[in-house]
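Undergrad: Pasting a structure below so you can have a look.
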Amino acid sequence: MSGETTITIIGNLTADPDMHYTQTGAAVASFTVASSARTYNKQVEQWQDGEVLFMRCSAWRDLGEHVAESLTRGTRVIASGRLRQRTFDTSDGDKRTVMEMTVDEIGPSLRFATARPVKAARDNGQHTNNGNSNGAAPRGGFDDPWASQSAPAGAPGDEPPF
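Pasting the structure below:
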């Protein structure tokens, strides 16, 4: 979308995503990503944390549901989206302006962790996760929706169609 400010932020979720639905039924997950610079101070020979940026974020519809099912407090994430400025009046009549991020893409950082993506399945518009209440992949013996049975490993067609 032309003219919009896009940003990428890397940081940790400060709490579990808050999942709710609008009056029209659109799902939205709200969460905060805390990001701080960490630099090495040669004078004192130790690492020091810089100021923390707390970025309020929202993820809509399917992405919001996937965020709520997959991410928890403390998870290190990489999020990319559009920066929004919103102005509102407080109950005292003061005007406030906040910066928020509408997330377009998000996932766990694999720098200090591992993850096993599970392609979301649909059933008549309803999401399913093969019976798992936590959204995690079942251990062993499951069908990989991205696996290719017709081409040998490394051959064209191995990549999922995006």
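Sequential numbering of the sequence shown, starting at 104, is according to the working numbering.
The beta-carbon is built from N, C-alpha and C at its ideal position, and this holds for glycine as well.
Keep in mind that this is a model prediction, so the values were computed, not measured.
1. Excluding the 5 residues preceding and the 5 following Gln252 in the sequence, name in chain order all residues of the same chain whose CB lies nearer than 6 angstroms to its CB.
2. Since Leu174 is in the beta strand (DSSP E), which residue starts that stretch and which ends it?
3. Using a 10 Å radius around the Cβ and a threshold of 16 neighbouring Cβ atoms, would you call Ala130 buried or exposed?
4. I need the DSSP call for Gly167, collapsed to helix, strand or coil.
5. Confirm, please, whether the CB-CB distance from Val170 to Ala132 is below 8 angstroms.
6. State whether the region 149-162 contacts the region 188-195, with contact taken as three or more CB pairs (one from each stretch) at a distance under 8 angstroms.
7. Does the beta-carbon of Phe215 have 16 or more other beta-carbons within 10 angstroms, so that it is buried, or is it exposed?
8. Thinking C-alpha only, which one of Gln146, His123, Phe134, Ala224 is nearest Thr178?
9. For the beta strand (DSSP E) holding Ser139, just list the boundary residues, first then last.
10. Is it right to say Ala118 is buried, meaning 16 or more other beta carbons lie within 10 angstroms of its own, or is it exposed?
11. Taking 8 angstroms as the cut-off, decide whether the C-beta atoms of Ser183 and Thr111 are in contact.
12. Are the CB atoms of Ala137 and Gly114 nearer to each other than 8 angstroms?
13. Suppose you measure from the CA of Glu154 to the CA of Arg187; what does that come to, to the nearest Å?
14. I'd like the span of the beta strand (DSSP E) that includes Asp207, first residue to last.
15. Going by DSSP in three states, Gly238 sits in which element: helix, strand or coil?
16. For Asp121, name the three-state secondary structure that DSSP assigns.
TA: Let me lay it out:
1. For Gln252, the pLDDT reaches just 46, beneath the cut-off of 50, and the residue's location in the model is therefore unreliable, leaving the point undetermined.
2. It is not in any beta strand (DSSP E) - Leu174 carries neither H nor E in the DSSP assignment.
3. buried
4. helix
5. yes
6. no
7. exposed
8. Nearest of Gln146, His123, Phe134, Ala224 to Thr178, Cα basis: Phe134.
9. 130-144
10. exposed
11. yes
12. yes
13. 22 angstroms
14. 198-211
15. Residue confidence is low: Gly238 scores 44 on pLDDT, short of 50, so the model does not pin down where it sits. Its coordinate-derived value is still stated next. In this structure, DSSP gives Gly238 a state outside helix and strand, which the three-state scheme calls coil.
16. strand
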